[in-house]
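J.: Numbering (the working numbering), first residue to last: 2 to 101.
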Amino acid sequence: MPAYMLARINVTDPEQYEVYKSLAPIAIKKYGGRYLTRGGAMETLEGPEETLRVVLLEYPDMATARAFYDSPEYRKARDARANAAEGQFVLLEGLDVVLP
2 MPAYMLARIN VTDPEQYEVY KSLAPIAIKK YGGRYLTRGG AMETLEGPEE TLRVVLLEYP
62 DMATARAFYD SPEYRKARDA RANAAEGQFV LLEGLDVVLP
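1) Quick check on the DSSP output: the beta strand (DSSP E) that includes Tyr-21 runs from which residue to which?
2) By DSSP's criteria, Met-6 is part of a beta bridge. Which residues make up the other side?
3) Just verifying my parser: in three-state terms, what is the DSSP assignment at Ala-74?
4) Under DSSP, the beta strand (DSSP E) around Leu-37 begins and ends at which residues?
5) Check whether the stretch 15-34 touches the stretch 93-100, counting contact only when three or more Cβ pairs, one atom from each stretch, lie closer than 8 Å.
6) Using alpha carbons as the reference points, say which of Ala-83, Tyr-32 and Arg-79 lies closest to Ala-4.
7) Can you find the residues in the same chain that come closer than 8 Å, C-beta to C-beta, to Glu-50, ignoring five residues on each side of it along the sequence?
Rendered as structure tokens:
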């Protein structure tokens, strides 16, 4: 069943964050991930206004998503992000059936 990685990111150094943005897609693609959102337009419908960059990735399954996150390829991207942003990354298991 699919897995999703949700990232909420506060970019503190936009120039350095561009380095991360150039490296991360390489690892994402290698591990079968794909972007569903990547910091586009957003509208808060309930609760406090969301002010962070939100990225949503889809992977074939939880194990593959975790392998991506722990991979040497993504480690290089994470190292580039270390001084450019703070964030929260959550791994979510998807559904194996479509609910009505």
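Cβ coordinates follow ideal geometry from the N, Cα and C atoms, glycine included. Just so we're clear, the structure is a prediction, and the values are computed from it rather than from any experiment.
T.: Based on what the coordinates show:
1) Counting from one through the sequence shown, the residue named residue 21 turns up at place 20. Element bounds for Tyr-21: not the beta strand (DSSP E) but the alpha helix (DSSP H), 15-31.
2) On the sequence shown, position 5 is the one that residue 6 refers to. Per DSSP, Leu-58 and Leu-92.
3) Taking the sequence shown and counting its residues from 1, one reaches residue 74 at position 73. At residue 74 the sequence reads Glu, which differs from the Ala that was named. It is helical.
4) In the sequence shown, the residue the question calls residue 37 occupies position 36. Per DSSP, Leu-37 belongs to the beta strand (DSSP E) from 35-39.
5) Contact fails: fewer than three Cβ-Cβ distances are below 8 Å.
6) Reading the sequence shown from its first residue, position 3 is the one you call residue 4. Closest by alpha carbon: Tyr-32.
7) Translated into positions along the sequence shown, residue 50 becomes position 49. None.
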